[in-house]
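What follows is one structure encoded as C-alpha coordinates, with my remarks underneath.
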Amino acid sequence: MRVRMTSGAKDRPSPPGAVPDHRLLDLLALISVAFHTFTTLEVARGPDTGLLHANLAGLLASLLIWGANHHAALRARVPVMFVGLIGAWTLRALLLAAHLRQGLDQWMTLTVVMMALAAFTFVPYRQARWLNALVMGLYGLMYVLSGETEVALLVLVLLIMALGAYLALHGHPIQQTRVWNARLERQVRHDELTGALSRRFMDEQLASLMQEPGRRGVLLVLDLDHFKAVNDGFGHQVGDRALKAAARLMQDCLRDGDLVGRWGGEEFMILLPGQGLETGVTVAGRILERFRTARLAGIPPMTVSIGVAAVSEARSREDLVRLADRRLYAAKEAGRDQAVHACDG
1 MRVRMTSGAK
11 DRPSPPGAVP
21 DHRLLDLLAL
31 ISVAFHTFTT
41 LEVARGPDTG
51 LLHANLAGLL
61 ASLLIWGANH
71 HAALRARVPV
81 MFVGLIGAWT
91 LRALLLAAHL
101 RQGLDQWMTL
111 TVVMMALAAF
121 TFVPYRQARW
131 LNALVMGLYG
141 LMYVLSGETE
151 VALLVLVLLI
161 MALGAYLALH
171 GHPIQQTRVW
181 NARLERQVRH
191 DELTGALSRR
201 FMDEQLASLM
211 QEPGRRGVLL
221 VLDLDHFKAV
231 NDGFGHQVGD
241 RALKAAARLM
251 QDCLRDGDLV
261 GRWGGEEFMI
271 LLPGQGLETG
281 VTVAGRILER
291 FRTARLAGIP
301 PMTVSIGVAA
311 VSEARSREDL
321 VRLADRRLYA
331 AKEAGRDQAV
341 HACDG
(Lines of atoms letter the chains of each structure in order from A and count residues from 1; the text may use other names and numbers.)
(Lines give C-alpha, C1' and ligand atoms only; values in the text may rest on other atoms or scores of the structure.)
Protein backbone atom coordinates (compact mmCIF):
# COMPACT_ATOMS: atom_id res chain seq x y z
CA MET A 1 0.00 0.00 0.00
CA ARG A 2 1.28 3.40 -0.99
CA VAL A 3 0.25 6.43 1.00
CA ARG A 4 0.57 10.04 -0.17
CA MET A 5 0.72 12.37 2.79
CA THR A 6 0.35 16.07 3.32
CA SER A 7 0.43 17.94 6.57
CA GLY A 8 -0.53 21.42 7.64
CA ALA A 9 1.49 21.20 10.83
CA LYS A 10 3.21 24.40 11.72
CA ASP A 11 6.96 24.51 11.74
CA ARG A 12 8.61 24.27 15.09
CA PRO A 13 9.68 27.75 16.25
CA SER A 14 13.38 28.35 16.17
CA PRO A 15 15.06 28.44 19.57
CA PRO A 16 15.81 31.85 21.00
CA GLY A 17 19.28 33.21 20.33
CA ALA A 18 21.95 33.45 22.90
CA VAL A 19 22.05 36.50 25.15
CA PRO A 20 24.36 39.12 23.61
CA ASP A 21 27.66 39.76 25.34
CA HIS A 22 26.78 43.36 26.22
CA ARG A 23 23.98 42.15 28.50
CA LEU A 24 26.39 40.01 30.48
CA LEU A 25 28.77 42.97 30.81
CA ASP A 26 25.90 45.18 31.98
CA LEU A 27 25.05 42.56 34.61
CA LEU A 28 28.66 42.41 35.80
CA ALA A 29 28.81 46.20 35.99
CA LEU A 30 25.58 46.22 38.01
CA ILE A 31 27.00 43.65 40.43
CA SER A 32 30.17 45.74 40.80
CA VAL A 33 28.11 48.86 41.55
CA ALA A 34 26.07 46.94 44.14
CA PHE A 35 29.29 45.68 45.74
CA HIS A 36 30.71 49.22 45.77
CA THR A 37 27.53 50.56 47.39
CA PHE A 38 27.53 47.84 50.05
CA THR A 39 31.19 48.39 50.99
CA THR A 40 30.64 52.17 51.04
CA LEU A 41 27.94 51.71 53.68
CA GLU A 42 30.19 49.38 55.67
CA VAL A 43 33.14 51.80 55.54
CA ALA A 44 30.84 54.61 56.73
CA ARG A 45 30.06 52.61 59.87
CA GLY A 46 33.71 52.19 60.77
CA PRO A 47 37.01 52.70 58.91
CA ASP A 48 38.60 49.47 57.75
CA THR A 49 41.58 49.21 55.38
CA GLY A 50 40.42 45.98 53.79
CA LEU A 51 36.90 47.27 53.19
CA LEU A 52 38.26 50.51 51.80
CA HIS A 53 40.39 48.61 49.31
CA ALA A 54 37.42 46.43 48.35
CA ASN A 55 35.28 49.54 47.98
CA LEU A 56 37.72 51.16 45.57
CA ALA A 57 38.13 47.88 43.67
CA GLY A 58 34.36 47.65 43.20
CA LEU A 59 34.23 51.20 41.86
CA LEU A 60 37.12 50.62 39.45
CA ALA A 61 35.63 47.31 38.27
CA SER A 62 32.23 48.85 37.54
CA LEU A 63 33.80 51.74 35.60
CA LEU A 64 36.09 49.40 33.66
CA ILE A 65 33.32 46.94 32.76
CA TRP A 66 30.89 49.69 31.76
CA GLY A 67 33.53 51.36 29.59
CA ALA A 68 34.45 48.06 27.93
CA ASN A 69 30.79 47.41 27.19
CA HIS A 70 30.24 50.66 25.33
CA HIS A 71 33.63 51.29 23.71
CA ALA A 72 35.13 48.65 21.42
CA ALA A 73 38.64 50.12 21.57
CA LEU A 74 38.58 50.05 25.37
CA ARG A 75 37.20 46.50 25.36
CA ALA A 76 40.29 45.25 23.54
CA ARG A 77 42.52 46.79 26.21
CA VAL A 78 40.58 45.55 29.24
CA PRO A 79 42.96 42.62 30.03
CA VAL A 80 46.06 44.85 30.02
CA MET A 81 44.27 47.55 32.02
CA PHE A 82 43.12 44.92 34.50
CA VAL A 83 46.66 43.64 35.01
CA GLY A 84 47.97 47.20 35.21
CA LEU A 85 45.50 48.16 37.94
CA ILE A 86 46.18 45.06 40.00
CA GLY A 87 49.92 45.43 39.45
CA ALA A 88 49.98 49.07 40.55
CA TRP A 89 47.81 48.26 43.54
CA THR A 90 50.02 45.32 44.54
CA LEU A 91 53.32 47.18 44.18
CA ARG A 92 51.99 50.16 46.12
CA ALA A 93 50.70 47.96 48.94
CA LEU A 94 53.94 45.95 49.15
CA LEU A 95 56.19 49.03 49.13
CA LEU A 96 54.07 50.76 51.76
CA ALA A 97 53.94 47.67 53.97
CA ALA A 98 57.70 47.11 53.65
CA HIS A 99 58.37 50.75 54.53
CA LEU A 100 56.14 50.56 57.60
CA ARG A 101 57.42 47.06 58.47
CA GLN A 102 53.87 45.77 58.66
CA GLY A 103 53.14 42.07 58.93
CA LEU A 104 51.59 39.94 56.20
CA ASP A 105 47.81 39.67 56.22
CA GLN A 106 45.21 37.82 54.15
CA TRP A 107 44.46 40.86 51.99
CA MET A 108 48.10 41.28 51.04
CA THR A 109 48.54 37.60 50.23
CA LEU A 110 45.32 37.51 48.20
CA THR A 111 46.42 40.59 46.25
CA VAL A 112 49.78 39.00 45.39
CA VAL A 113 48.11 35.78 44.26
CA MET A 114 45.59 37.70 42.12
CA MET A 115 48.43 39.66 40.57
CA ALA A 116 50.33 36.49 39.66
CA LEU A 117 47.32 34.76 38.10
CA ALA A 118 46.21 37.88 36.20
CA ALA A 119 49.71 38.47 34.80
CA PHE A 120 50.16 34.87 33.62
CA THR A 121 46.66 34.91 32.10
CA PHE A 122 46.68 38.20 30.18
CA VAL A 123 50.31 39.23 29.70
CA PRO A 124 52.91 37.53 27.43
CA TYR A 125 54.86 34.91 29.34
CA ARG A 126 58.23 36.68 29.34
CA GLN A 127 56.82 39.97 30.70
CA ALA A 128 54.60 38.14 33.19
CA ARG A 129 57.60 36.22 34.50
CA TRP A 130 59.59 39.39 35.19
CA LEU A 131 56.61 41.21 36.68
CA ASN A 132 55.88 38.36 39.06
CA ALA A 133 59.56 38.05 39.97
CA LEU A 134 59.48 41.72 41.04
CA VAL A 135 56.26 41.22 43.01
CA MET A 136 57.57 38.07 44.66
CA GLY A 137 60.84 39.81 45.53
CA LEU A 138 58.97 42.60 47.30
CA TYR A 139 56.72 40.06 49.00
CA GLY A 140 59.78 38.17 50.24
CA LEU A 141 61.40 41.41 51.42
CA MET A 142 58.25 42.28 53.33
CA TYR A 143 58.25 38.78 54.79
CA VAL A 144 61.81 39.24 56.11
CA LEU A 145 61.36 42.81 57.40
CA SER A 146 58.15 41.96 59.21
CA GLY A 147 59.79 39.11 61.11
CA GLU A 148 57.09 36.75 59.88
CA THR A 149 57.58 33.12 60.95
CA GLU A 150 54.74 31.52 58.97
CA VAL A 151 56.81 29.71 56.32
CA ALA A 152 53.79 27.81 54.97
CA LEU A 153 52.24 31.06 53.71
CA LEU A 154 55.35 31.97 51.73
CA VAL A 155 55.61 28.44 50.30
CA LEU A 156 51.93 28.53 49.30
CA VAL A 157 52.37 31.78 47.36
CA LEU A 158 55.48 30.39 45.63
CA LEU A 159 53.60 27.23 44.65
CA ILE A 160 50.70 29.23 43.23
CA MET A 161 53.09 31.37 41.20
CA ALA A 162 54.89 28.27 39.92
CA LEU A 163 51.55 26.73 38.93
CA GLY A 164 50.56 29.93 37.13
CA ALA A 165 53.86 29.94 35.25
CA TYR A 166 53.45 26.30 34.24
CA LEU A 167 49.89 26.83 33.01
CA ALA A 168 50.93 29.95 31.10
CA LEU A 169 53.75 28.05 29.40
CA HIS A 170 51.98 24.75 28.71
CA GLY A 171 48.28 25.56 29.01
CA HIS A 172 47.96 27.11 25.53
CA PRO A 173 49.34 24.06 23.66
CA ILE A 174 47.07 21.82 25.72
CA GLN A 175 44.08 24.01 24.88
CA GLN A 176 45.06 24.01 21.20
CA THR A 177 45.21 20.21 21.28
CA ARG A 178 41.73 20.10 22.79
CA VAL A 179 40.42 22.47 20.12
CA TRP A 180 41.93 20.32 17.35
CA ASN A 181 40.51 17.14 18.91
CA ALA A 182 37.07 18.74 19.16
CA ARG A 183 37.35 19.84 15.53
CA LEU A 184 38.34 16.34 14.41
CA GLU A 185 35.49 14.84 16.43
CA ARG A 186 33.05 17.20 14.75
CA GLN A 187 34.41 16.26 11.33
CA VAL A 188 33.84 12.59 12.15
CA ARG A 189 30.34 13.21 13.49
CA HIS A 190 29.14 15.76 10.94
CA ASP A 191 28.94 16.04 7.18
CA GLU A 192 31.28 18.84 6.13
CA LEU A 193 29.00 20.32 3.46
CA THR A 194 25.56 20.30 5.09
CA GLY A 195 26.38 20.22 8.81
CA ALA A 196 24.07 17.20 9.19
CA LEU A 197 25.34 14.15 11.03
CA SER A 198 27.68 11.87 9.10
CA ARG A 199 26.76 8.45 7.73
CA ARG A 200 29.23 6.82 10.10
CA PHE A 201 27.69 8.47 13.16
CA MET A 202 24.15 7.64 12.03
CA ASP A 203 25.23 4.02 11.53
CA GLU A 204 26.55 3.94 15.10
CA GLN A 205 23.31 5.41 16.48
CA LEU A 206 21.22 2.91 14.54
CA ALA A 207 23.33 -0.01 15.75
CA SER A 208 23.07 1.23 19.33
CA LEU A 209 19.30 1.64 19.09
CA MET A 210 18.83 -1.85 17.64
CA GLN A 211 20.68 -3.36 20.61
CA GLU A 212 18.54 -1.68 23.27
CA PRO A 213 16.01 -3.88 25.10
CA GLY A 214 12.46 -2.93 24.16
CA ARG A 215 13.87 -0.86 21.32
CA ARG A 216 11.56 1.73 19.85
CA GLY A 217 12.21 4.23 17.10
CA VAL A 218 11.53 5.21 13.49
CA LEU A 219 13.87 5.59 10.53
CA LEU A 220 13.15 7.93 7.61
CA VAL A 221 15.22 7.70 4.43
CA LEU A 222 14.81 10.78 2.22
CA ASP A 223 15.90 11.60 -1.33
CA LEU A 224 15.72 15.00 -3.03
CA ASP A 225 13.62 14.66 -6.17
CA HIS A 226 15.28 15.38 -9.53
CA PHE A 227 18.41 16.67 -7.84
CA LYS A 228 20.58 15.83 -10.85
CA ALA A 229 18.58 18.37 -12.85
CA VAL A 230 19.48 21.03 -10.26
CA ASN A 231 23.19 20.28 -10.60
CA ASP A 232 23.05 20.10 -14.40
CA GLY A 233 20.82 23.15 -14.87
CA PHE A 234 22.11 25.51 -12.19
CA GLY A 235 25.61 24.27 -11.43
CA HIS A 236 27.20 22.49 -8.50
CA GLN A 237 27.41 25.62 -6.35
CA VAL A 238 23.63 25.94 -6.38
CA GLY A 239 23.43 22.19 -5.82
CA ASP A 240 25.59 22.48 -2.71
CA ARG A 241 23.44 25.33 -1.42
CA ALA A 242 20.35 23.23 -2.06
CA LEU A 243 21.80 20.36 0.01
CA LYS A 244 22.56 22.72 2.90
CA ALA A 245 19.06 24.19 2.71
CA ALA A 246 17.51 20.72 2.61
CA ALA A 247 19.32 19.73 5.81
CA ARG A 248 18.02 22.89 7.52
CA LEU A 249 14.45 22.31 6.35
CA MET A 250 14.51 18.78 7.75
CA GLN A 251 15.96 19.92 11.06
CA ASP A 252 13.22 22.56 11.34
CA CYS A 253 10.63 19.78 11.45
CA LEU A 254 12.26 17.76 14.22
CA ARG A 255 12.21 17.89 17.99
CA ASP A 256 15.23 17.93 20.28
CA GLY A 257 16.80 14.48 20.36
CA ASP A 258 15.86 13.57 16.79
CA LEU A 259 18.79 13.00 14.43
CA VAL A 260 19.24 14.02 10.80
CA GLY A 261 22.22 12.85 8.79
CA ARG A 262 23.43 12.84 5.23
CA TRP A 263 23.49 9.29 3.90
CA GLY A 264 25.26 10.15 0.66
CA GLY A 265 24.73 12.34 -2.40
CA GLU A 266 21.25 13.83 -2.19
CA GLU A 267 20.02 11.15 0.21
CA PHE A 268 19.40 11.87 3.90
CA MET A 269 18.38 9.83 6.91
CA ILE A 270 16.36 10.82 9.98
CA LEU A 271 16.21 8.80 13.19
CA LEU A 272 13.40 9.36 15.70
CA PRO A 273 14.43 7.53 18.90
CA GLY A 274 11.63 6.37 21.18
CA GLN A 275 8.88 7.03 18.59
CA GLY A 276 6.40 4.75 16.84
CA LEU A 277 5.46 4.42 13.18
CA GLU A 278 2.51 6.83 13.54
CA THR A 279 4.82 9.61 14.72
CA GLY A 280 7.19 8.84 11.86
CA VAL A 281 4.32 9.22 9.39
CA THR A 282 3.38 12.59 10.94
CA VAL A 283 6.95 13.87 10.80
CA ALA A 284 7.28 12.74 7.19
CA GLY A 285 4.13 14.69 6.30
CA ARG A 286 5.50 17.76 8.03
CA ILE A 287 8.73 17.53 6.04
CA LEU A 288 6.86 17.12 2.75
CA GLU A 289 4.82 20.25 3.42
CA ARG A 290 7.89 22.18 4.55
CA PHE A 291 9.67 21.46 1.27
CA ARG A 292 6.60 22.28 -0.82
CA THR A 293 6.12 25.69 0.75
CA ALA A 294 9.78 26.72 1.15
CA ARG A 295 10.93 29.68 -0.92
CA LEU A 296 14.71 29.90 -0.88
CA ALA A 297 16.61 32.72 -2.58
CA GLY A 298 18.74 31.48 -5.47
CA ILE A 299 17.60 27.87 -5.07
CA PRO A 300 14.93 26.25 -7.27
CA PRO A 301 11.86 24.72 -5.58
CA MET A 302 12.55 21.28 -4.11
CA THR A 303 10.46 18.27 -3.19
CA VAL A 304 11.47 15.12 -1.40
CA SER A 305 10.51 11.44 -1.38
CA ILE A 306 10.51 9.54 1.91
CA GLY A 307 10.56 5.94 3.06
CA VAL A 308 9.41 5.33 6.65
CA ALA A 309 10.16 2.21 8.71
CA ALA A 310 9.78 1.40 12.40
CA VAL A 311 12.53 -0.30 14.37
CA SER A 312 10.01 -2.94 15.46
CA GLU A 313 9.64 -4.04 11.82
CA ALA A 314 13.26 -5.18 11.48
CA ARG A 315 15.61 -7.59 13.22
CA SER A 316 18.84 -5.78 12.46
CA ARG A 317 20.19 -2.41 11.42
CA GLU A 318 20.73 -3.67 7.88
CA ASP A 319 17.14 -4.93 7.65
CA LEU A 320 15.78 -1.61 8.90
CA VAL A 321 17.78 0.43 6.37
CA ARG A 322 16.83 -1.96 3.58
CA LEU A 323 13.13 -1.70 4.47
CA ALA A 324 13.14 2.11 4.63
CA ASP A 325 15.11 2.25 1.38
CA ARG A 326 12.62 -0.03 -0.38
CA ARG A 327 9.77 2.21 0.71
CA LEU A 328 11.68 5.27 -0.47
CA TYR A 329 11.91 3.82 -3.97
CA ALA A 330 8.23 2.91 -3.82
CA ALA A 331 7.52 6.59 -3.14
CA LYS A 332 9.67 7.63 -6.11
CA GLU A 333 8.00 5.11 -8.42
CA ALA A 334 4.60 6.42 -7.34
CA GLY A 335 5.44 9.90 -8.62
CA ARG A 336 7.77 11.38 -5.97
CA ASP A 337 6.93 14.18 -3.47
CA GLN A 338 5.34 11.68 -1.10
CA ALA A 339 6.10 9.24 1.69
CA VAL A 340 5.51 5.51 1.91
CA HIS A 341 5.34 3.68 5.21
CA ALA A 342 4.00 0.34 3.95
CA CYS A 343 4.32 -1.49 0.66
CA ASP A 344 3.78 -4.96 -0.75
CA GLY A 345 6.67 -7.36 -0.40
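In UniProt numbering, the protein residues as written are 1 to 345.
Glycine is no exception: its CB is placed at the ideal position from the N, C-alpha and C atoms.
Check                                                                                                                           : Outcome
Runs of alpha helix (DSSP H) wholly within the UniProt domain "GGDEF" (215 to 344) (minimum 4 residues, chain order)            : 227 to 234, 236 to 252, 277 to 293 and 317 to 333
Three CB pairs or more closer than 8 Å across the region 279 to 294 and the region 326 to 344                                   : yes
Reduced DSSP secondary structure (H/G/I, E/B, other) of L197                                                                    : strand
Short Cβ contact (7 Å threshold) for Y143 with L131                                                                             : no
Beta carbon of G235 nearer than 7 Å to that of L272                                                                             : no
Local Cβ density within 10 Å of V123, reported as buried at 16 or more and exposed below that                                   : buried
Same chain, Cβ closer than 7 Å to V157, neighbours up to 5 away in sequence not counted                                         : T109, V112, V113 and Y139
Contacts around M202, its chain only, beta-carbon distance under 6 Å, and the 5 residues preceding and following it disregarded : G261 and M269
Cβ neighbour criterion (16 or more within 10 Å) applied to D191                                                                 : buried
G280 versus C253: straight-line alpha-carbon distance, rounded                                                                  : 11 Å
Rounded separation between M115 and V188 - CA only                                                                              : 42 Å
6 Å CB neighbourhood of A245 in its chain, flanking five on each side removed                                                   : L296 and I299
Integer Cβ distance of A314 from L323, believed to fall under 8 Å                                                               : 6 Å
Closest residue to V304 among L141, G264 and H226 (Cα-Cα distance)                                                              : H226
Test item: CB-CB of A197 and L259 under 7 Å                                                                                     : At residue 197 the sequence reads Leu, which differs from the Ala that was named. Yes, the pair counts as a contact, with Cβ atoms nearer than the cut-off.
Residue burial classification, L249 (beta-carbon count within 10 angstroms, cutoff 16)                                          : buried
CB contact flag (T194, A128, <7 Å)                                                                                              : no
Selection from L277, A331, G307 and K332 that minimises the alpha carbon distance to V321                                       : G307
Backbone CA spacing between D319 and G164 [nearest angstrom]                                                                    : 57 Å
Cβ distance (whole Å) where E266 is taken to contact D223 below 8 Å                                                             : 6 Å
Beta-carbon contacts of M210 that lie in its chain and below 6 Å, excluding the five residues immediately before and after      : R317
Whole-angstrom distance between I160 and A133, CA atom to CA atom                                                               : 13 Å
Buried versus exposed, by CB contacts within 10 Å (16 or more), V151                                                            : exposed
Residue from G137, Y166, D325 and V135 whose Cα sits closest to the Cα of I121                                                  : In the sequence as presented, Ile is not what sits at residue 121; that position holds Thr. T121 has its Cα closest to that of Y166, out of G137, Y166, D325 and V135.
Contact under 7 Å by Cβ, L277 with A310                                                                                         : yes
Spatial neighbours of A331 in its chain, beta-carbon cut-off 7 Å, leaving aside the 5 residues before and after                 : S305, I306, G307, Q338, A339 and V340
Through-space distance from S208 to F291, alpha-carbon basis                                                                    : 30 Å
With 16 other Cβ atoms within 10 Å as the buried cut-off, status of Q237                                                        : exposed
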